[in-house]
Amino acid sequence: MQSAQAALDQQAAQATLAQANARASAAAIRAADAESVRAAADRARFDALVATGDVPRRQAEEMRAHAASAAADADKSRAALAAAQSQVAVVDRTRGQLLATLARANAALALARQNLTHTVIRAPVDGVVGDRQVQLGEYVQPGTQLLTVVPLNTLYVVANFKETQTARMLAGQHARITIDALNGETLDGEVESFAPGSGSEFSLLPFEPATGNFTRIVQRVPVRIHFAANQPDVARLRPGLSATVKVDLH
Numbered sequence: 000m001q002s003a004q005a006a007l008d009q010q011a012a013q014a015t016l017a018q019a020n021a022r023a024s025a026a027a028i029r030a031a032d033a034e035s036v037r038a039a040a041d042r043a044r045f046d047a048l049v050a051t052g053d054v055p056r057r058q059a060e061e062m063r064a065h066a067a068s069a070a071a072d073a074d075k076s077r078a079a080l081a082a083a084q085s086q087v088a089v090v091d092r093t094r095g096q097l098l099a100t101l102a103r104a105n106a107a108l109a110l111a112r113q114n115l116t117h118t119v120i121r122a123p124v125d126g127v128v129g130d131r132q133v134q135l136g137e138y139v140q141p142g143t144q145l146l147t148v149v150p151l152n153t154l155y156v157v158a159n160f161k162e163t164q165t166a167r168m169l170a171g172q173h174a175r176i177t178i179d180a181l182n183g184e185t186l187d188g189e190v191e192s193f194a195p196g197s198g199s200e201f202s203l204l205p206f207e208p209a210t211g212n213f214t215r216i217v218q219r220v221p222v223r224i225h226f227a228a229n230q231p232d233v234a235r236l237r238p239g240l241s242a243t244v245k246v247d248l249h
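Note that numbering that gives the first Met the number 0 numbers the sequence shown so that position 113 is 112, with each residue one more than the last.
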């Protein structure tokens with residue numbers, strides 16, 4: 000793209016020079032035409048004086064030669080103007096070609112920049128990398144799992160309460176979360192939401208009681224609880240840790 004821009008700048012300089020030459024040729028035509036008119040008038044005047052014998056014939060012939068030379072100079076200036084105008088046209092056509100080349104170079108640069116962005120994978124959330132399955136320099140195919148990103152700014156606990164324990168449980172209630180990895184330290188939390196079904200309902204092999212089996216089995220309901228703000232120890236937690244949760248029902 001830089002070479003295309005340089006060529007365009009050079010063409011602009013050539014266009015300026017060609018236009019200056021055209022203006023100079025036009026000025027030369029005006030001067031040559033004026034000189035041709037003056038020389039023609041002098042020739043006519045001297046021809047009249049020769050007829051009366053007031054000037055020698057030689058001077059009249061010199062005037063005729065000068066008039067012819069002035070007319071030739073005028074024609075030469077017109078030819079120079081035509082050449083300059085032709086050069087301006089050529090330069091203008093070259094400018095169009097260079098602009099097209101520059102446009103293609105800009106398009107190629109934009110495509111290269113877009114392709115470069117495809118070499119960078121950006122995580123949709125802030126967090127830490129876990130379960131990395133590829134190494135630097137490996138080739139991967141579309142759809143390949145590369146790694147797992149663990150978001151640390153939205154940590155939560157999923158507590159599996161008995162269905163009988165959730166009767167008075169509501170979203171927004173305070174919860175106390177005891178973390179085994181923090182030597183039994185208790186953190187504050189808040190009930191966020193309830194799963195739309197029991198844990199067994201969404202398991203790989205849901206529980207199906209046998210025909211005629213009326214034994215009541217208490218189900219577990221996953222309850223999502225998020226941590227309260229301004230607790231520095233939350234940053235030490237990682238997914239998969241064990242915890243004991245108690246919800247204040249009053």
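Using N, Cα and C, we set each Cβ at its ideal position, and we do this for glycine too.
Bridge-paired residues (DSSP) for residue i
i, result
"GLY129", "THR147"
"THR93", "The partner list for THR93 (beta bridge, DSSP) is empty, contrary to what the question assumes."
"THR243", "THR177"
For residue i, three-class secondary structure by DSSP
i, result
"GLU184", "strand"
"PRO221", "strand"
"ARG175", "strand"
"ALA43", "helix"
"SER258", "Because the chain in this structure spans residues 0 to 249, residue 258 falls outside the shown range and cannot be described."
"ALA170", "coil"
"ALA78", "helix"
"ASN159", "strand"
"VAL124", "coil"
Rounded distance between the beta-carbons of residue j and residue i, thought under 8 Å
i, j, result
"VAL190", "ALA170", "5 Å"
"VAL133", "VAL127", "With a Cβ gap of about 17 Å, VAL133 and VAL127 do not count as contacting."
"PRO150", "ASP125", "7 Å"
Spatial distance of residue i from residue j (CA atoms)
i, j, result
"THR147", "PRO123", "12 Å"
"LEU186", "PHE226", "7 Å"
"THR116", "ALA104", "19 Å"
"ARG237", "LEU110", "41 Å"
"ASN229", "GLY129", "25 Å"
Beta-carbon spacing of residue i, residue j below 8 Å
i, j, result
"ARG219", "SER197", "yes"
"THR118", "THR177", "no"
"ARG235", "LEU181", "yes"
"VAL246", "ALA174", "yes"
"LEU248", "MET168", "yes"
"THR163", "VAL217", "yes"
"VAL156", "GLY188", "yes"
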